[in-house]
Amino acid sequence: MTDLRSLPRLRDGALNLGDWLTEPQPATAGALNVFAGTVRNTHEGNAVSGMTYHAHRGLAEARLREIEAAAEARFKVSARVAHAVGKLEIGEISVIVVIRGGHRAEGFEACRWTIDTIKQAVPIWKEEHYVDGNARFLEGVPIQPVESP
Amino acid sequence: MTDLRSLPRLRDGALNLGDWLTEPQPATAGALNVFAGTVRNTHEGNAVSGMTYHAHRGLAEARLREIEAAAEARFKVSARVAHAVGKLEIGEISVIVVIRGGHRAEGFEACRWTIDTIKQAVPIWKEEHYVDGNARFLEGVPIQPVESP
Amino acid sequence: MRVTVECYGASSRWCGSDAITLDLPDGATGNAALDALADRYPDFAARRDCVAIASGDAITSPTAPLFDGDVIALIPPVSAG
Amino acid sequence: MRVTVECYGASSRWCGSDAITLDLPDGATGNAALDALADRYPDFAARRDCVAIASGDAITSPTAPLFDGDVIALIPPVSAG
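Protein chains in written order, with our numbering: chain B, 1 to 149; chain L, 150 to 298; chain Z, 299 to 379; chain S, 380 to 460.
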């Protein structure tokens, strides 16, 4: 059983789900919720060949840890998050959220809040590569602060 | 990459999460949602030492498959479910739901619907064992049909 | 006719056994079987209305007739998950 | 004074470079740096109001004064996940 707290949350290359599921389930917890985001082969009708994730590494690492801590305080759960940087293939995992908590209601709520917050508060940018050889940065949302509990 | 479709959904002993995550992510899918239920060490103020899951095996197996198919049809996702039978220790996994789908909204919705439906439509009964040596069947809900999509 | 009732979950505690044999009049329904159990076991009588009946691998209607040699299962309120 | 602007994500396309050096009057703020970039790069001007500024590992207020030698980062709208 590995303690994941010391690991960087921002990782080069695709994430491996098993690496983020090694911690033991707390004896007080009855629910484990996991969300992973993967690269899809189409977007808005275009055939996608892959995705490059660009990051402001220092701020992204800090924000991912801040989100983890905020999720734990807000929902009284254990939270782990990780995000990939670099070029990913179709089907590979770009982001992982792991929530271990008392009951399923707060587990689902915490997992959803955490991925929603990652998407709007972490300085990472998707550059989408198309089968026709083109590439473009996806439109995003102005970066938001992490709401404290 | 194992095809899990041929495996029984009702399993003797605690479930292993990794066993149910071996299928590839579909190229059209952008979201992977997982829920696992685990045995907690307290319930309504009582110190719990473990849980025995009893099942009507034939009907439970049929219902788990029916729920899987209903989730897939209703939410247009891939769904896998599994449930343990027998004596489990604190922290062990009794139920697993794995949803692979297009976007996170339907992934979360399908995962929540599937576990909620399992809890009310599958003939399985929890017998809770306490640290003081006592045991009792938990109160449940009258068994419900699986709502078709 | 003779029908075997398998008692699942807490229903085995209410009826004091995992399996019970009932002698019922020909054409008796699942409801008649439940009535017979409720007459015999007070703990079951208190929960009778929350219990479903299964036959084979399916839930069956309590108004369907039973036949000699049938095996039915009592499905008390469930607590899966 | 001289300030270095690092251009993250699509902002490097809008400004045509990953890093830009700006000469600004003493006491200029982050907003003044954004104004200077908007004057120089029309593609950036169109998105100026959606861009945040980071210094080190934190988002900073665009009204805070900059100092000679500062390095700031342009944080265009994000698409993590």
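All C-beta atoms, glycine included, are put in the ideal place defined by N, C-alpha and C. What you are looking at is a predicted structure, and each value in this text was computed from that prediction instead of being measured.
Given a cut-off of 9 Å, decide if I248 (chain L) and V290 (chain L) are closer than it, judged by their beta-carbon atoms. no
Going along chain L in order, which residues have a C-beta closer than 8 Å to the C-beta of S377 (chain Z)? K268, I273, W274, K275, F286, L287, E288, G289 and V290
When DSSP labels each residue in this structure, what does D281 (chain L) get in the three-state scheme? coil
Limits of the alpha helix (DSSP H) - the one that C429 (chain S) falls within: Where C429 (chain S) is concerned, there is no enclosing alpha helix (DSSP H), given that its DSSP letter is neither H nor E.
Taking the C-alpha atoms as reference points, what is the distance between P441 (chain S) and G409 (chain S)? 4 Å
Residues from the segment 332-361 of chain Z in contact with chain L, defined by Cβ distance under 9 Å: D347, C348, V349, A350, A352, G354, D355, A356 and I357
Residue ranges of each beta strand (DSSP E) run of no fewer than 3 residues wholly in the segment 62-101 of chain B, ordered along the chain? 78-89 and 93-101
Spatial distance of N195 (chain L) from E241 (chain L) (CA atoms): 18 Å
Helix, strand or coil, according to DSSP, for G199 (chain L) in the structure here? strand
For C313 (chain Z) and I373 (chain Z), the rounded distance between their alpha carbons: 13 Å
Can W125 (chain B) and A398 (chain S) be called in contact, C-beta distance under 9 Å? no
With a threshold of 9 Å between beta-carbons, can Q144 (chain B) be considered close to chain L, or not? no
Going by Cα to Cα distance, which pick from L:I216, L:V246 and L:G199 is closest to G162 (chain L)? L:G199
Can you list, in chain order, the residues of the segment 68-100 of chain B whose Cβ is nearer than 9 Å to any Cβ on chain S? H83, S94 and V95
Starting from the C-beta of E61 (chain B), find all residues in its chain whose C-beta is less than 8 Å away, skip the five residues before and the five after it, and write them out in chain order. P8, R9 and L10
Sheet register partners of N33 (chain B) (DSSP bridge): B:I99 and L:F184
Is it true that the CB of R300 (chain Z) sits closer than 9 Å to the CB of L335 (chain Z)? no
Is it true that the CB of V230 (chain L) sits closer than 9 Å to the CB of N263 (chain L)? Checking the sequence shown, residue 263 (chain L) turns out to be Thr, not Asn. A contact, by the Cβ cut-off of 9 Å.
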